[in-house]
Structure formats: C-alpha cells, structure tokens
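Below you'll find the structure, written out as structure tokens, and then a few comments.
Numbering (the numbering used here), first residue to last: 197 to 823.
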C-alpha cells in the first residue's frame, strides 16, 4: 500500500442513516495525489451520475478528505472539504488547518463522503472504529464554537469536531464550516451544503498509527524543514505577526483594500495593522500552533487578549490578514478591538469573513450612492465605519434576518436581486467574492482571480508572491514577471503547484519562500514510497487543475466566466501608492492563458487531456462548451 494513507473512505447516507466503507483507489493517488484532487475525482462521478445535482440537493456529496502528507509531514496539518458550491454553482473547495485530519487518519479513514439528507438535525461521530449518527437536536441553533465546546464536554477533549453555525443551518451561501480549534473552511459556502443535509457536526477520534514508507528519512526531513522555516525572512515575519503582519507593507505598496477598493489612503489603517494589534494586545508569546500533534514551527495563529468596557474580557484568536481587510479597511472600521470581536462573531455564526466584508461594503456603497435607503435596510443607516451598524449587519447576515437575508446569499445574488445598477460594483468572480490583494497593483493576481476554478481566490495561484520576489527557480521562474507572457506563465505554474499542495495536503505558508519543490519531492517519496521529482509534482497538480476545470465545464460554466470585475479594469484609484493603476491587460492575458492551457477549442482540450493521461475525461467533452 502507498504510505501516508489508510486505504479506507467512510461513506454515510444520511437519508437512511446507512454507512459503508469504500477502498481508496491507489491509482488515483498516482494521478490526483489525494486531498482536493482525490475529492474532485469523487465529485466528478456524482456529477455525471446525477446529472449535475443542485448544490443543496441530497445527491450533492459533501466530501471531507485528507492527503497523504496530512499529519505526517511538517506543515501538513490541513484537511479539505469539496462539494458543488451553492455560491458559485461550480466546484466548491475549502481547506482548514488543525488536527481534525490527523484524528481522522488515526481512526483509519482517509476521508468521509456524506450523501443524502436527514429529516432531523444529526451529528456524525467517528470514534476510532465505531460510527454513529446521533441526534443533534440539542446542538441545532447553537453557534459553531458553542456546538464544538458542548461536544467536547460530552464526548471528551480528545475528539476533534467541525460544525456549522446558524448561517449554515439557514443555508447562507457564504456560510462556512468551523473546527473545534477555530480553524475555518471559509470559502464557497460549504456550510450551506452541510446545513441542507441537517448535519450539524462531525466529530472524530482515533488511536491508530499512520504508516509511512521510510520513517527515518521522514523524521530527518521534517526536522530540517522545521529548523529552516524560522530562519527565512518569510518564516520569521509569519512567526512574529502572522498573516496580519502584511498590513503594514500593504499600506505602503497600495495592496490594502480601502473603502471597497475606491481609496488608496486611510489614516486609520495603521491602527488595525498586525504589528499594532500584537504590540497592544498580544497574549503571552502571542503564538499558537493551529492544532495539537501538528508539526509547525511558524505557528502563525496570533493570540490576543484585552478587557474592554464595550465587549468585556477576551482572550483568543487574533484576526488573519484577510479578516483584517474584510472587517477593517474595506468598510472603514479602524477599531482593532471591534475588528477582533467581529472576526469572532463571524466564526460563531459560521460565515466567511472575506465574503462578509464584500457584501457589507457593497451594501454601504449602494446606500452612499442612494440606490438603497432605510426602507430597504430595515431602518439601518449604512454609514462607513459605523461599528454598531456593522455588528448588526453581520448578525443579520448570519441569522438571515431582514435585509441580511439578501446579503446572506453573497454579492452576486444580492446585486441581481436588488438590480438598480448595483451589479457594477459587486466584486466577485464566478460568484465568489474577491479577496483582498489588489489586481490593479499585481497583474498576475488579476489573471489568477479571473481563472481560478473556485472563483476569485488568492490561494489557488499565489502569483503575487512571485511579483514580490518569492521566486521558483526550480520551475524556471528566477525573476519577477515583466512581460505579459511571463505573467501568464507565472500564474499557470502557481495554479498547478497550489493544486498539488491542496491535494498532498500542505500549508502553503510553510512552503513558498521556505523550501523548494525538490525538497517537497523528497518528503513525498519518503512518506508515500512513490518515487518522483519536482516535475512529477507539478504535473500531478496540472492534472488536478484540469480535472477541476472539467467539473466546472460540466456544471455549465465556460471561459466567459473568467471575468475580473470592471472596478479593477476601468476604475483607477486617484491617490496613494497604486494611483492610476488598472488591470488593463486582462483580456490579452486571458487570450494567452487559453492558448497556453489549450482552452481555445474542445479539440485542443482533448489533446491536452490525453497528454496528461486524463483520457477517461475525453468522452465528457461532448457535454461541454468552452465559450
């Protein structure tokens, strides 16, 4: 057997409380690695079998998957959840860190496939070899953190759980899934899929060992990786301030989104920087590893504490960069304590902070433009930076209350429902709200956002890192891109590598700028026993990228969905470091991208699929349209 895997996948049918155990297909490990790649291949079978099931139907599977490197390699702490997204209607994919995946593998399962739906709220418990579907009537209605805490009190602290909050129960299309370690599978609305199945939580505990091919070499390579990471400039910065440490740099470069991407300067930005937050509110060392039993030397989760007359005492997770931008600069909230509590509220309700920041900013801009007023908002005056209003909106979104119900469906559906020209400033790609790195400033991010298979995403092709000097010489990228061809090639390389990392599964923060992919190939081989080099890794990632793309085509998407919001293409900011910049080359880059990716015609795509060894996908091309 391949090392690093258990060889078993648990399948649960909630329509009849039935379960079965499926064997892991080892040939798929060679082709699609595991994790996101393996889960996508499983999803494809359901899409074909049930003719593209509605995201909220019982036939849409929710697939929780680990990778061969989950729990056994340095920075291998992640688990992925895959389904058809109720937000984009394409492939939905979201990873989360922590020790849930490690516990699942110790229980001798590589993944869980959940189909069907229950009539009543349920809680899936996997206790080593024992599987139980229990009533969750007592948990339904709880926020996600309360539900996980209640489960821990009932079952024991050694269980690891994931749960939805009220947003998932109410089928919010921007709802997320939250772990007992407060790590979040945030994007693409997968909390709604869980809610549609009346599945409140999944809890796992295991006591087994994970077999690896060459444990001596694995220990040696892990030790080297863990020792090296803190000594790199990127690792050192992450250790000190976490991802929110980037705020200070992004203020100076023009990367920070301010007032829904309409401003380039904001004096209060420094108040919410990761540096300021850690200097004022750091608790102890301020660092925390994202889960017990996990190998990580960066520990980029921040721990903060304060005692505030408005919010009381708090000690816990500090915000990451995307949440600082979403709940801070995007909506002109310069109050760091309020920001930390808003982040906590989003996690409790179970809503994605990136999407939440966008829908609130969109609503505030619509209010400012006179497109909506208090009659639309239920009496709320949507003023930029108004803390009370922001808290109220977040709560209304999570509970699907009044005006918040429209926002709860995401900015694309909200703008379509409202009309009145509001779609012009609804910032999304394929329905997924744009994250908080400026595609006007970094051309490669404009292309990466537009062509990401799950919708606008900074983690599905981290090309901005290359523009900032985090290079990939082992793949021929020895300098930042300067021509359109180089931008396109950089995005393609990054997309393929990110697909590999999401399948292995490795934390990208512990890879890019820390170790090269020759090293990753060594640890992959020593864990799995599958001999490979760096070119095999990127080839596997490329197969996964095309698999995801084929899924989107089969679900009705086309190249026409690769569109960047016009705000980034036509509307420059007239102040600050990014003054006057727009992503004006996006159409030319897209044309080059389609040429490089063989996406100009179905015939050229067939040739590419054959070249990649994906001949079993070729018959499905008769069902798709590229344009």
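For every residue, glycine included, the Cβ atom is placed at its ideal position computed from N, Cα and C.
Note that the structure is a prediction, hence the values are computed from the model and not measured.
- Beta-bridge partners assigned by DSSP to residue 375: 358.
- If you check the CB distance, residue 315 and residue 321 do not come in under 7 Å.
- Rounded to the nearest whole angstrom, the CA to CA distance from residue 303 to residue 258 is 19 Å.
- For the pair residue 618 and residue 568, the Cα-to-Cα distance works out to about 10 Å.
- The shortest CA-to-CA distance from residue 752 to any of 285, 217, 221 is the one to 285.
- Comparing alpha carbon positions, the residue from 768, 436, 651 closest to residue 758 is 651.
- Residue 725 sits close to residue 409, with the two beta carbons spaced by under 7 Å.
- Counting along the chain, the unbroken alpha helix (DSSP H) around residue 444 starts and ends at 442-449.
- Around the beta carbon of residue 448, fewer than 16 other beta carbons sit within 10 angstroms, so the residue counts as exposed.
- Scanning its chain for C-beta atoms nearer than 8 Å, with the 5 sequence neighbours on each side dropped, one finds around residue 335 the residues 317, 319, 343, 346, 347, 359, 396, 397, in chain order.
- Counted as a single uninterrupted DSSP element, the alpha helix (DSSP H) harbouring residue 301 occupies residues 296-302.
- For the pair of segments examined, the region 786-796 was found not to touch the region 657-675: the number of CB pairs separated by less than 8 Å stays below three.
- Annotation note: the region 586-667 contains the following uninterrupted alpha helix (DSSP H) runs of length 4 or greater, listed N- to C-terminal: 599-603, 607-614, 639-647, 659-663.
- Under the DSSP assignment, residue 700 falls in the alpha helix (DSSP H) whose first and last residues are 680-700.
- A distance below 8 Å between beta-carbons, with the five flanking residues on each side excluded, links residue 720 to the following residues of its chain, in chain order: 264, 265, 700, 726, 728, 733.
- Beta-bridge analysis with DSSP links residue 261 to 276, 307.
- With distances taken between CA atoms, residue 240 lies nearest to 746 out of 754, 746, 774, 517.
- In the same chain as residue 624, and ignoring 5 residues on each side of it, the C-beta atoms closer than 8 Å to its own belong to 554, 606, 607, 608, 630, 651, 652, 761, in chain order.
- Taking C-alpha positions only, residue 224 is separated from residue 736 by approximately 11 Å.
- Assignment of residue 403 by DSSP, reduced to helix, strand and coil, places it in the coil class.
- Linking residue 235 to residue 504 through their CA atoms gives a straight-line distance of about 44 Å.
- Residue pairing from DSSP leaves residue 749 without any beta-bridge partner.
- Contact check for residue 384 against residue 470 fails: the beta carbons are separated by 7 Å or more.
- Here the region 357-377 makes no contact with the region 406-424; the two share fewer than three CB pairs at distances below 8 Å.
- In the structure shown, the three-state DSSP call for residue 408 is coil.
- For residue 571, the enclosing alpha helix (DSSP H) starts and ends at 570-573.
- Judged by beta-carbon spacing, residue 425 lies beyond the 7 Å limit of residue 292, meaning their Cβ atoms are not closer than that value.
- Judged by DSSP in its simplified three-state form, residue 496 adopts strand.
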